[in-house]
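Heads up: the structure comes next, in structure tokens.
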Amino acid sequence: MAFETFSLTIDNYIAGVTFNRPERANALNQKAWEEMKAIFEELDERDDVRVIILSGSGRHFCAGIDLELLMQVAQSAQKCEGRKREKLRRQVLELQAPINAIEQCSKPVIAAIHGGCIGGGVDIISACDMRYCTDDAFFTIKEIDMGMVADLGTLQRLPKIIAPGIAREMAYTGRQVAGREAERIGLANRSFADADTMQSEVLRIAQSIAAKSPLSIRGTKAILNHSRDHSVADGLDYMATWNAAMLLSNDLMEAFQAKMQKRDAVFL
């Protein structure tokens with residue numbers, strides 16, 4: 001598929017999804033939101049994709065929502081106040097949907113972040129499985145400086161990634177968190193001196209994931225997401241049901257045989 005606002009590559013079970021509006025610091029217009037949803041829904045279904053790397057072209061990872069689109073959302077020709085608010089609510093849900101598609105994608109999504117990760121960019125990386133960045137990257141919940149409440153997932157997901165107090169500090173102040181601090185507070189798994197080093201390490205991690213049982217990787221993501229949002233007891237009960245359905249697989253047999261034969265497992 002060809003996209004206007006993203007580039008997509010697939011090689012050796014690894015999909016590379018890249019924001020491709022460098023002239024606008026990868027700010028996302030209406031087309032970009034639509035394409036992001038379509039991309040992650042498609043990659044979820046593809047058997048030739050086992051892991052996804054999300055990155056940005058140009059100087060920045062992503063500057064969030066394009067201001068022109070934000071102004072369009074804020075305007076309405078509706079005369080009825082109730083219908084105006086109903087439409088606005090629907091528009092917010094439509095903007096949330098592409099980010100939800102990242103979280104709901106059954107394949108792990110790794111964010112490789114350089115430069116600015118601003119506003120909606122933080123919403124997006126909060127929905128990813130893992131985050132890696134460069135030392136000169138910076139993260140900011142910019143909505144507070146625009147007289148807004150961040151509404152696309154940051155306030156729901158970030159306090160489950162980093163300490164709630166730090167998440168609140170970022171949300172209340174809008175201050176920039178640089179790469180080294182992002183690593184220290186757990187927002188980034190690791191921070192690297194430069195983009196080339198980061199991309200090399202992220203690719204190595206993606207290759208390691210792609211070599212595992214794809215059924216097990218997808219199941220692990222599903223269980224982790226479920227466990228995050230439920231009690232331990234509910235999570236264990238769900239886990240038992242999941243493995244009752246998924247445990248006895250060809251992947252399990254291949255993993256055992258490969259170990260006995262002292263070779264690398266090959267999963268279909």
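Residue numbers for the sequence shown, in the working numbering: 1 to 268. In this text, a Cβ means the ideal position worked out from N, Cα and C, and glycines have one as well.
State the CB to CB distance for the pair residue i and residue j, rounded to an integer number of angstroms; the pair is presumed to be in contact (CB under 8 Å).
i: Asp251; j: Ser213; result: 4 Å
i: Phe61; j: Glu35; result: 17 Å between Cβ atoms; not a contact.
i: Leu93; j: Ser126; result: Not a contact, Cβ separation roughly 17 Å.
i: Ile110; j: Val232; result: Contact flag wrong, Cβ pair sits at about 27 Å.
i: Ala27; j: Gly64; result: 6 Å
i: Ile102; j: Phe40; result: 5 Å
What first and last residue would you give for the beta strand (DSSP E) that runs through residue i?
i: Met130; result: Met130 to Thr134
i: Ala111; result: Val109 to Ile113
i: Ala15; result: Ile14 to Phe19
i: Ser191; result: Arg190 to Phe192
i: Gly56; result: Val51 to Gly56
State the start and end residues of the unbroken alpha helix (DSSP H) segment that holds residue i.
i: Asp234; result: Val232 to Met246
i: Gly82; result: Glu81 to Gln104
i: Ser200; result: Ala195 to Ala210
i: Gly121; result: Gly120 to Ser126
i: Ile10; result: Note, Ile10: premise wrong, no alpha helix (DSSP H); beta strand (DSSP E) at Phe6 to Asp11.
i: Phe138; result: Not the alpha helix (DSSP H): Phe138 falls in the beta strand (DSSP E), residues Phe138 to Thr140.
i: Ala222; result: Pro214 to Arg228
i: Phe61; result: Segment: none, Phe61 is in no alpha helix (DSSP H) and carries neither H nor E.
Could you tell me which of the options sits nearest to residue i, measuring between CA atoms?
i: Ala210; options: Leu95, Ile166, Glu4 and Asp48; result: Asp48
i: Gly153; options: Pro108, Thr140, Ile205 and Ile99; result: Ile99
i: Leu69; options: Arg24, Ala38 and Ile52; result: Arg24
i: Asn12; options: Trp242, Arg46 and Gly147; result: Arg46
i: Ala17; options: Thr140, Lys221, Phe138 and Ile113; result: For the record, residue 17 in the displayed sequence is Val; it is not Ala. Cα-wise, what sits closest to Val17 is Ile113.
i: Trp242; options: Met260, Gln261 and Ser216; result: Ser216
i: Ala188; options: Lys142, Ile162 and Glu42; result: Ile162
i: Cys117; options: Ala97, Glu143 and Gln96; result: Glu143
i: Phe19; options: Leu54, Asp229, Met246 and Leu67; result: Leu54
Given that a residue counts as buried once 16 or more other Cβ atoms are within 10 Å of its Cβ, and exposed if not, what is residue i?
i: Asn120; result: Residue identity differs from the one stated: residue 120 is Gly in this sequence, not Asn. Its Cβ being crowded by 16 or more others within 10 Å, Gly120 is buried.
i: Pro22; result: exposed
i: Val51; result: buried
i: Ala240; result: exposed
For the pair the region 131-146 and the region 181-191, tell me if three or more CB-CB distances fall below 8 Å. yes
So, does the region 170-180 touch the region 136-146, judging by three or more C-beta pairs under 8 Å? yes
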